[in-house]
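If you read the sequences in order, they're chains A and B. Quick note, the numbering used here runs 3 ahead of the 1-based positions in the first sequence. Quick note, the numbering used here runs 3 ahead of the 1-based positions in the second sequence. Don't be surprised by glycine CBs; every beta carbon is placed ideally from N, CA and C.
2 protein chains.
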Amino acid sequence: MDNVNIEALANAVLGKIFIELEASGRHVHVTKEQSQLLFGHSLTPKRPLSQPGQFLANERVTVRGPRGELQNVAVLGPERKEAQVEISLTDGRTLGIDPPIRPSGNVTGSPGVQLMGPNGQITLPQGVIAAQRHIHMAPGDAAHMGVQDKQVVKLQVFTKRPLIFEDVVVRVNPDYATYAHLDYDEANACGFQPGDLGRILP
Amino acid sequence: MDNVNIEALANAVLGKIFIELEASGRHVHVTKEQSQLLFGHSLTPKRPLSQPGQFLANERVTVRGPRGELQNVAVLGPERKEAQVEISLTDGRTLGIDPPIRPSGNVTGSPGVQLMGPNGQITLPQGVIAAQRHIHMAPGDAAHMGVQDKQVVKLQVFTKRPLIFEDVVVRVNPDYATYAHLDYDEANACGFQPGDLGRILP
């Protein structure tokens, strides 16, 4: 904690304007049809995620790109209407893919990739992105912190390599629990450890 | 450049207070004796680095930790008085080592590692760090920007994933060219591309 701005952290906690950080590892979303092709059945939950209703599946895939592959990649459920592969820029180098930085769900024109499961493999024509950093926020927390859906904010993180992420998108939804999501490049850049907090800068 | 704060960048360029960014990949420094053991001879320059007198060597090593290894790792010359292995936190996961975040040259009590070269291998009892982000600065630039040796500053980067690095150490030395050094986790977290600029925030 040597480098943490204790005063700013204390003020954030006292004002209840802190936000817990989470690091999102690389993961894949698939459709119901794709789950059948890859695994022979629908996704089965292994454990719930912080966002209500979302789960880490027991099923895993290999992601193959033009240069290399990532094995044993997490699949998140429930199934979606469109496949999406969320990787870091570091992962992109491994695969030989330069993923655009996009909000989740925005995959139009993004690079494709191969997915391989125990039951079969599929080629996605598009769907590979690096997730734009974002804050999932419950409506009550958004009102308390004075931010709105789609607002772009600066997020100061109280981590061992402190920094301020600019260009962070707030997404407000009654289905959300309030967490800031970083990818592993971002998590390592700030020295994230589980339980670390941040706050939105005015 | 969609996300870049054009006005802040323009002001930095106009005021000549911008700093070019560089991403430092994982690399190793060795002593003269260690170079003999690993390669059978002294380091030979392949190309100069941005810091005057420093060079990328033709020689490469494998770095082996308790969990895994990194092959074909760059060695930088000239030789130093003490070995140092600078890796990212991502590399640390690969090796099974949790490197402390330190300024270069401060390796006391840091984890050790094995180095393997074509001529032999050595075990370092310590020396593995993740370099604290820092700015090499020529004295004239330091005077112009109003900063001093060892000062800790905030560095705003004009990159495609903009952010502000807190806790950046300025190192002023007549032997330095002015560059901000990030590791690859940090470079990917901000979407660094060669030629990108930053500025010290007041």
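Beta strand (DSSP E) segment containing E72/A, residue limits: If you look at E72/A, you'll find it in the beta strand (DSSP E) that goes 72 to 80.
C-beta contact flag for F168/A and R202/A at 9 Å: no
CB of L40/A within 9 Å of CB of P48/A, strictly: no
Minimum Cβ-Cβ distance from K157/A to chain B less than 9 Å: The C-beta of K157/A comes closer than 9 Å to at least one C-beta of chain B.
Closest residue to M119/B among G68/B, C193/B, Q196/B, Y187/B (Cα-Cα distance): G68/B
Member of S53/A, D178/A, I90/A whose CA lies at the smallest distance from the CA of E72/A: I90/A
Separation of Y182/B from H137/B, as counted between CA atoms: Cα atoms of H137/B and Y182/B: separation of roughly 9 Å, rounded to the nearest angstrom.
Chain A contact residues for T93/B, given Cβ-Cβ distances below 9 Å: Here the neighbours are S91, T93, Y187, D188, N191.
Contact under 9 Å by Cβ, P102/A with P114/A: Taking 9 Å as the cut-off, the beta carbon of P102/A is found closer than this to the beta carbon of P114/A.
Chain-order list of residues whose beta-carbon lies under 6 Å from that of A15/A (same chain, five-residue window excluded): Excluding residues within five positions, the ones whose Cβ falls inside 6 Å are F21, R202.
Classification of M4/B by the beta-carbon crowding that lies within 10 angstroms, buried from 16 upward: The predicted position of M4/B is uncertain, since its pLDDT is 47 and thus under 50; a value taken from the coordinates is nonetheless stated next. Result: exposed.
Separation of A134/A from V88/A, as counted between CA atoms: 9 Å
Contact set for P55/A: own chain, Cβ-Cβ below 8 Å, skip 5 residues either direction: D178, Y179, A180
Span separating the alpha-carbon of G143/B from that of V175/B: One C-alpha to the other measures close to 9 Å.
Counted within 10 angstroms of its Cβ, other Cβ atoms place A13/A as buried (16 or more) or exposed: exposed
Residue(s) in a DSSP beta bridge with E144/A: The identity of residue 144/A in the sequence shown is Asp, whereas the question assumes Glu. Partner(s): none; D144/A has no beta bridge.
Assumed close pair L79/B, E62/B - CB separation to whole angstroms, cut-off 8 Å: Wrong, their Cβ atoms sit about 10 Å apart, outside the cutoff.
Own chain, CB closer than 6 Å to R50/B, minus 5 neighbours either side, in chain order: L59
Beta carbon proximity, N8/A to chain B, threshold 9 Å: yes
Other residues of its chain near G198/A: CB distance less than 8 Å, five sequence neighbours each side excluded: E23
Beta bridge counterpart(s) of P51/A as assigned by DSSP: F58/A
Alpha-carbon to alpha-carbon, N8/B and H206/A: No answer is possible for residue 206/A: the residues shown for chain A start at 4 and end at 205.
Neighbour-count burial assignment, N109/B, 16 or more Cβ in a 10 Å radius: exposed
Q129/A versus T111/A: straight-line alpha-carbon distance, rounded: 7 Å
Within chain A, partners of E169/B - CB distance below 7 Å: Here the neighbours are P165, L166, I167.
Status (buried if at least 16 other CB within 10 Å, exposed otherwise) for V155/A: Per the 10 Å Cβ criterion, exposed.
Under 8 Å from the C-beta of G201/B: neighbouring residues of chain A: The contacting residues do not exist; G201/B stays about 12 Å from chain A at best.
Every unbroken beta strand (DSSP E) within the stretch 99 to 170 of chain A, with a cutoff of 3 residues, ordered by chain: 116 to 119, 124 to 127, 131 to 134, 137 to 140, 155 to 161
Min CB distance R136/A to chain B below 9 Å: yes
Residues that DSSP places opposite E253/A in a beta bridge: Because chain A is modelled from 4 through 205, residue 253/A falls outside the range shown and cannot be assessed.
Supposed contact pair N122/A and F195/A - C-beta distance, whole angstroms, cut 8 Å: At roughly 35 Å, the Cβ-Cβ gap does not stay under 8 Å, so F195/A and N122/A are not in contact.
6 Å Cβ shell around K157/A - same chain, five flanking residues per side excluded: Counting only Cβ-Cβ distances below 6 Å, and skipping sequence neighbours, we find I167, E169, L204.
Proximal residues to G1/B (C-beta, below 6 Å), its chain only, five neighbours per side dropped: The displayed coordinates of chain B run from 4 to 205. Any statement about residue 1/B would go beyond what the structure contains.
8 Å Cβ cut-off: residues of chain B touching I104/A: K163, R164, G194
Environment of N2/B [buried if 16+ CB atoms lie within 10 Å]: Only positions 4 to 205 of chain B appear in this structure, which leaves residue 2/B out of reach.
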